[in-house]
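For reference, the structure is listed below as structure tokens.
Number of protein chains: 2
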Amino acid sequence: MTDESATVFRALADATRRQILQDLHAGELTAGAIASRFAISGPSISRHLSILKAAGLVAERREANRIFYSLVEDRLANCVGGFLSAVCPEQVVLRRRRGRDSRKAGAS
Amino acid sequence: MTDESATVFRALADATRRQILQDLHAGELTAGAIASRFAISGPSISRHLSILKAAGLVAERREANRIFYSLVEDRLANCVGGFLSAVCPEQVVLRRRRGRDSRKAGAS
DNA sequence: TCAATGGTTAGCTATATGGCTAAATAGCTA
DNA sequence: TAGCTATTTAGCCATATAGCTAACCATTGA
Chain S
198 MTDESATVFR
208 ALADATRRQI
218 LQDLHAGELT
228 AGAIASRFAI
238 SGPSISRHLS
248 ILKAAGLVAE
258 RREANRIFYS
268 LVEDRLANCV
278 GGFLSAVCPE
288 QVVLRRRRGR
298 DSRKAGAS
Chain W
198 MTDESATVFR
208 ALADATRRQI
218 LQDLHAGELT
228 AGAIASRFAI
238 SGPSISRHLS
248 ILKAAGLVAE
258 RREANRIFYS
268 LVEDRLANCV
278 GGFLSAVCPE
288 QVVLRRRRGR
298 DSRKAGAS
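Chains S and W, in that order, give the protein sequences.
The opening position of the first sequence corresponds to residue 198 in the numbering used here, with each subsequent residue numbered one higher.
The opening position of the second sequence corresponds to residue 198 in the numbering used here, with each subsequent residue numbered one higher.
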């Protein structure tokens, strides 16, 4: 919890990974489908996906011989939105957080 | 505009820089005052500040022989909040953006 | 069991990053 | 001008990052 968001911000530092997250907003995609959207090699995309997964920003689901990746919106919203709330709370509003600390979010 | 937020996300990738931004939320600070909060050398902090400045996340103001740094909240909110709005709009709300598209923000 | 497809892991290279110390610059004050 | 404080710039070093190709699992289907 303390500094655990570091992996998230590190993951967001790369433009390809940010684009992957954006692409996943429309719905889950296979690794191959994701790779086909970029001009870089499959293995490189695979590594990007593993970084996103390690950061908790995506989840994977295996079906037959392909792997579907999907966005973990809560994770992104909580980490990044949490940071924004700490640095410029006047400009951003987090919608009620779901999950582990939903009961603490009693503020107006 | 296009991919100009890259410098912002790159700047946010480092924990020291995120902490500096957070510290600046309380008000402007001199480079020395900022440096004294960390266990790393002054020159290193100076470089972090130049990266934040290049990203447009902080502004500097010279007074006598010290330099005061201050947070540029709009920049942070627009870049990062803009990304969140694109990836997980259901979870985050951007309060009215000031500046270039303020007239489009007719919401309450 | 073999081959084909979809992905990942290994190993390599080049560049970027972040930290340090030493030296330079900026702005006072004597 | 000299000297002092505040901060940045210049080099240097070690590690991290991102890309590539080649090789290795995993799953399905003949």
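Just so it is clear, CB atoms sit at the ideal spot from N, CA and C, and this is done for glycine as well.
Given the structure is predicted, the values throughout are model-derived calculations rather than measurements.
Comparing C-alpha positions only, which one of the options sits nearest to residue i?
i             : options                    : result
residue 203/S : 276/S, 258/S, 244/S, 219/S : 276/S
residue 267/S : 213/S, 231/S, 212/S, 286/S : 231/S
residue 212/W : 287/W, 271/W, 249/W        : 249/W
With a cut-off of 7 angstroms, does the C-beta of residue i fall near any C-beta of chain W?
i             : result
residue 234/S : no
residue 210/S : yes
residue 249/S : no
residue 292/S : yes
residue 254/S : no
residue 285/S : yes
residue 261/S : no
residue 219/S : yes
So that I know if they touch, is there some Cβ in chain S lying closer than 7 angstroms to that of residue i?
i             : result
residue 207/W : yes
residue 222/W : yes
residue 226/W : no
residue 270/W : yes
residue 230/W : no
residue 288/W : yes
residue 246/W : no
residue 302/W : Annotation note: pLDDT 37 at residue 302/W (below 50); position unreliable, no value reported.
Please go through the same chain and pick out, in chain order, the residues whose beta-carbon is closer than 8 angstroms to the beta-carbon of residue i, but skip the five residues on each side of it.
i             : result
residue 215/S : 209
residue 264/W : 227, 228, 257, 258
residue 163/W : This structure leaves residue 163/W out entirely; chain W is present only between 198 and 305.
residue 378/S : The displayed coordinates of chain S run from 198 to 305. Any statement about residue 378/S would go beyond what the structure contains.
residue 224/S : 267
Tell me which same chain residues have a C-beta within less than 6 angstroms of the C-beta of residue i, skipping the five on either side of it?
i             : result
residue 252/W : 204, 205, 208
residue 278/S : 291
residue 261/W : none
residue 201/S : none
residue 283/S : none
Near residue i, which residues of its chain fall below 7 angstroms by C-beta distance, leaving aside the five closest residues on each side in sequence?
i             : result
residue 269/W : 253, 254, 255, 256
residue 281/S : 289
residue 220/S : 226, 231, 234
residue 236/S : none
residue 222/S : 268
Can you check DSSP and say which residues form a bridge with residue i?
i             : result
residue 256/W : 267/W
residue 226/W : 266/W
residue 284/W : In DSSP, residue 284/W forms no bridge with anything.
residue 273/W : Answer is none; residue 273/W lacks a bridge partner.
residue 209/W : Per DSSP, none; premise fails for residue 209/W.
residue 291/S : 289/W
Are at least three pairs of beta-carbons, each pair with one atom in the region 236 to 243 of chain W and one in the region 243 to 263 of chain S, less than 8 angstroms apart? no
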